[in-house]
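Working notes, structure below.
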Amino acid sequence: MPEGPEIKRSADAIAQVLEGHVVESADLHHNALAGSECAIVGQTVERIECRGKALLTHFSSGKTMYSHNQLYGLWRVTPRGKLAATNRALRIALHTDNHSASLYSATDISIWDTSGIEQHPFLQRLGPDLLAPETQADTVLALLEQATFKNRQLASLYLDQGFIAGNGNYLRSEILFFAGVNPLLKPRELTQPARKKLAKNTISISQRSYRTGGITLPASITPKDTKPGRRYYERDRFAVFAREGKPCRICRTPIKKSVVTSRRIYWCPKCQPA
Ligand SMILES: [Zn+2]
83 MPEGPEIKRS ADAIAQVLEG HVVESADLHH NALAGSECAI VGQTVERIEC RGKALLTHFS
143 SGKTMYSHNQ LYGLWRVTPR GKLAATNRAL RIALHTDNHS ASLYSATDIS IWDTSGIEQH
203 PFLQRLGPDL LAPETQADTV LALLEQATFK NRQLASLYLD QGFIAGNGNY LRSEILFFAG
263 VNPLLKPREL TQPARKKLAK NTISISQRSY RTGGITLPAS ITPKDTKPGR RYYERDRFAV
323 FAREGKPCRI CRTPIKKSVV TSRRIYWCPK CQPA
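Under the working numbering, the first residue of the sequence shown is numbered 83, with each subsequent residue one higher.
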């Protein structure tokens, strides 16, 4: 399942072809969109916005389309009318003068008044967005010290979209590793400097992954031939994620794996002591 950085990169690609452009025609193959042609067709896309794993498409009609990719949804951007070759079910295609942005397979789609979009039940439950410019290390530090979150195990907190939206499984392992904290600890069990370091890494590792397209290792220790499609891509781009039994890139201790909140987590027992 894509995490915040992947979703933001996908939103960037969609924004690049839609923002400021008029939707000249549209294919709307989802019940929730029946009767919504006039809210979309002939309208300008004013802004594309990521909220955690949801995407908001704001139209000049004063309407906003909410879509959530869940596990299988996928957006594709192509030259106009040249839709991707795929067996997936097409839900939406928005056609501008030059491009088509198409959403496949997703089922969680709805149209809202832009002024009322914050009432969406999913958005109401979300914490601040991991990659939003206004989300800074201080924002994360304040959350780590809030009564709601400070007694929760980090391993569970770092998957909770109500804590920070856009976090996900590989980011959880990678952020906790670079912050040097054990996944089983709670924020209140950390020293103030350790909480600060964790807050700082929460932002910096996510932004690095966004910039690099999913590589969380700093450039200085990223294997030269790391690229998508390479056989060991999954474990070569991370410090600990998917590297069970491999030597820690810092201290050579074998990386451990366990399952917390039904998802696999990886850590170094020496760099992240209990
Ligand atoms: Zn280590």
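Note that beta-carbon positions come from the ideal geometry of N, C-alpha and C, so glycine has one too.
Boundaries of the beta strand (DSSP E) in which residue i is found, first to last residue
i: Ser302; result: Where Ser302 is concerned, there is no enclosing beta strand (DSSP E), given that its DSSP letter is neither H nor E.
i: Arg158; result: Leu156 to Pro161
i: Lys352; result: Counting along the chain, Lys352 falls outside any beta strand (DSSP E), and DSSP gives it neither H nor E.
i: Phe141; result: Ala136 to Phe141
i: Leu153; result: Element bounds for Leu153: n/a, residue is neither H nor E.
i: Ala365; result: Given that the chain is displayed from residue 83 to residue 356, the structure contains no residue 365 and the question cannot be resolved.
DSSP three-state assignment for residue i, whether helix, strand or coil
i: Glu128; result: strand
i: Tyr240; result: coil
i: Ile246; result: coil
i: Arg334; result: coil
i: Pro329; result: strand
i: Leu176; result: strand
i: Arg170; result: coil
i: Ser340; result: strand
i: Val99; result: helix
i: Ser197; result: helix
i: Ser118; result: coil
i: Ala214; result: coil
i: Ala183; result: strand
i: Ala93; result: helix
i: Arg345; result: strand
i: Arg133; result: strand
Contact test: residue i Cβ vs ligand 1 heavy atom, cutoff 7 Å
i: Thr335; result: yes
i: Glu332; result: The sequence given here has Ile at residue 332, not Glu. Yes, since a heavy atom of ligand 1 falls inside the 7 Å radius drawn around the Cβ of Ile332.
i: Cys350; result: yes
i: Cys353; result: yes
Spatial distance of residue i from residue j (CA atoms)
i: Trp194; j: Gln354; result: 45 Å
i: Arg331; j: Leu205; result: 38 Å
i: Ala237; j: Ala247; result: 15 Å
i: Val57; j: Ile347; result: Because the chain in this structure spans residues 83 to 356, residue 57 falls outside the shown range and cannot be described.
i: Ser142; j: Ser92; result: 22 Å
i: Leu266; j: Gln243; result: 18 Å
i: Lys90; j: Thr304; result: 22 Å
i: Lys135; j: Asn151; result: 7 Å
i: Thr189; j: Arg173; result: 8 Å
i: Phe320; j: Gly124; result: 44 Å
i: His140; j: Ile96; result: 12 Å
i: Arg334; j: Pro203; result: 45 Å
i: Arg129; j: Asp220; result: 27 Å
i: Val127; j: Phe260; result: 39 Å
i: Gly163; j: Arg293; result: 30 Å
i: Gly327; j: Gly296; result: 22 Å
i: Pro351; j: Cys132; result: 35 Å
i: Gln289; j: Ser344; result: 26 Å
i: Leu176; j: Arg234; result: 42 Å
Bounding residues of the alpha helix (DSSP H) (the contiguous stretch that carries residue i)
i: Thr221; result: Ala219 to Leu226
i: Val284; result: The sequence given here has Thr at residue 284, not Val. Run containing Thr284: Gln274 to Thr294, per the alpha helix (DSSP H) assignment.
i: Phe231; result: Ala229 to Lys232
i: Lys145; result: Careful: Lys145 lies outside any alpha helix (DSSP H), inside the beta strand (DSSP E) at Lys145 to His150.
i: Leu258; result: Asn251 to Ala261
i: Leu205; result: Pro203 to Gln206
### Query
Would you call the segment 187-201 and the segment 227-244 in contact, with 3 or more CB pairs under 8 Å?
no
### Message
Across the segment 258-277 and the segment 100-115, are there enough close Cβ pairs to call them in contact, namely three or more that are closer than 8 Å?
### Response
no
### Task
Would you check if the segment 134-150 and the segment 116-126 touch, i.e. whether three or more CB-CB distances between them fall below 8 Å?
yes
### Message
Count Cβ pairs between the segment 213-220 and the segment 179-186 that sit closer than 8 Å; are there 3 or more?
### Response
no
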